[in-house]
Amino acid sequence: MRILSLNAWGGRLHDRLIPYLKEADPDIVCLQEVTRTPNAETDWLIYRDDNVELLQRADLFREVAGLFPAHQAFFCPAARGDLFDGERRLASEWGLATFIRRAYPIIGQAQAFVHGEFAPSGWGEHPRSRNAHVVRIFDYAAAQAITIAHMHGLRDPEGKDDTPARLAQAARFADLIDRTRGAGDQLVVCGDFNVLPPSATFKTLATLGLTDLVTTRGYTDTRTSLYEKTPRFADYMLVSANVNVRDFDVVREPEVSDHRALVLDFA
Numbered sequence: 001m002r003i004l005s006l007n008a009w010g011g012r013l014h015d016r017l018i019p020y021l022k023e024a025d026p027d028i029v030c031l032q033e034v035t036r037t038p039n040a041e042t043d044w045l046i047y048r049d050d051n052v053e054l055l056q057r058a059d060l061f062r063e064v065a066g067l068f069p070a071h072q073a074f075f076c077p078a079a080r081g082d083l084f085d086g087e088r089r090l091a092s093e094w095g096l097a098t099f100i101r102r103a104y105p106i107i108g109q110a111q112a113f114v115h116g117e118f119a120p121s122g123w124g125e126h127p128r129s130r131n132a133h134v135v136r137i138f139d140y141a142a143a144q145a146i147t148i149a150h151m152h153g154l155r156d157p158e159g160k161d162d163t164p165a166r167l168a169q170a171a172r173f174a175d176l177i178d179r180t181r182g183a184g185d186q187l188v189v190c191g192d193f194n195v196l197p198p199s200a201t202f203k204t205l206a207t208l209g210l211t212d213l214v215t216t217r218g219y220t221d222t223r224t225s226l227y228e229k230t231p232r233f234a235d236y237m238l239v240s241a242n243v244n245v246r247d248f249d250v251v252r253e254p255e256v257s258d259h260r261a262l263v264l265d266f267a
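Here's what the structure looks like:
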């Protein structure tokens, strides 16, 4: 089975992202920073915040769902705010997307907020609301249940060090996973956590029997050349001891976001 996790950056590198996802052909796709604007009349919109303007795909969720017709598609919005087509405002949702190959039946599922609550009337002040999605599937060939969880951790303008909000976020994420998984499940947890390797987040997740693959396999960077700041950790993938890791990579090329994709092949 192949799981791919990526902060999609609103699809800003759409022309690279879509071919890469198609070629990677993952069984499970966990994307963060996904847009959905049902009433858009153009492919590109603009996000504006504090004198910053960023291009965003108008409906990245629809585009990726169309790329994977053999997958079930789930969108988990964290907030609804304005994107712009020139000076025209369009209400757009922003959040997580999960795509699961239909060969794997979904036998459990949960989504919840790990920080804040759904923001229906604007993006809100930082640190903004963040959510998580947990899915439990069954692999008939392996006669094994698998629980996959991902989240987009809160962004704090002061940095990526631990804060009370981040500690609470980790506890809520771990609780959501624990309530959804079954005894003996293989467990894979991933996403853009927006924390550094020393974070207590990993101590909290370790209580579920999870070990991070990024830091324990010597990777020192999960960002691409398009990200010019330091430190350069944000994205992680953790597995339980009963996950037989065949291959794991923090993908350097192609660059499809300002984050590097994480790809796990396991049995």
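The opening residue of the sequence shown carries number 1 in the UniProt record's numbering; numbering runs sequentially from there.
Backbone N, C-alpha and C define an ideal beta-carbon position, used for all residues, glycine too.
Just so it is clear, the structure is predicted and the values come from calculations on it, not from any experiment.
Can you tell me where the beta strand (DSSP E) with residue 316 in it begins and where it stops? Lying outside 1 to 267, the shown extent of the chain, residue 316 is not represented and no answer is given.
Quick check on D185: does DSSP put it in helix, strand or coil? coil
Candidates D15, I100, L60: closest to M1 by CA position: I100
Tell me the DSSP secondary structure of W9 in three-state form. helix
Supposed close pair R16, P254 - CB separation, criterion 8 Å: 5 Å
Taking 9 Å as the threshold (C-beta atoms), are R48 and G95 in contact? no
Applying the criterion that 16 or more other CB atoms from any shown protein chain within 10 Å of the CB defines a buried residue, is G86 buried or exposed? exposed
Just to confirm, is the Cβ distance from D249 to S5 under 9 Å? no
Would you kindly report the start and end of the unbroken alpha helix (DSSP H) that includes T222? Looking at the DSSP string, T222 is not in any alpha helix (DSSP H), and its letter there is neither H nor E.
Start and end residues, alpha helix (DSSP H) containing T201: 201-206
Complete runs of the beta strand (DSSP E) confined to the stretch 102-167 [at least 3 residues]: 106-115, 130-139, 144-152
How close, in whole Å, do the beta carbons of D162 and A132 come, if the pair is a contact with beta carbons under 8 Å? In fact, because the Cβ distance is near 18 Å, the residues do not count as touching under 8 Å.
Using three-state DSSP, classify R16 as helix, strand or coil. helix
Could you spell out where the beta strand (DSSP E) holding R62 opens and where it closes? Note, R62: premise wrong, no beta strand (DSSP E); alpha helix (DSSP H) at 60-67.
The beta strand (DSSP E) with F248 in it runs from where to where? 245-250
Can you tell which of E228, K229, Q169 has its C-alpha closest to the C-alpha of T204? Q169
How many angstroms separate the CA atom of R102 from the CA atom of N51? 43 Å
Give the straight-line distance between the Cα atoms of R166 and R179, rounded to the nearest whole angstrom. 20 Å
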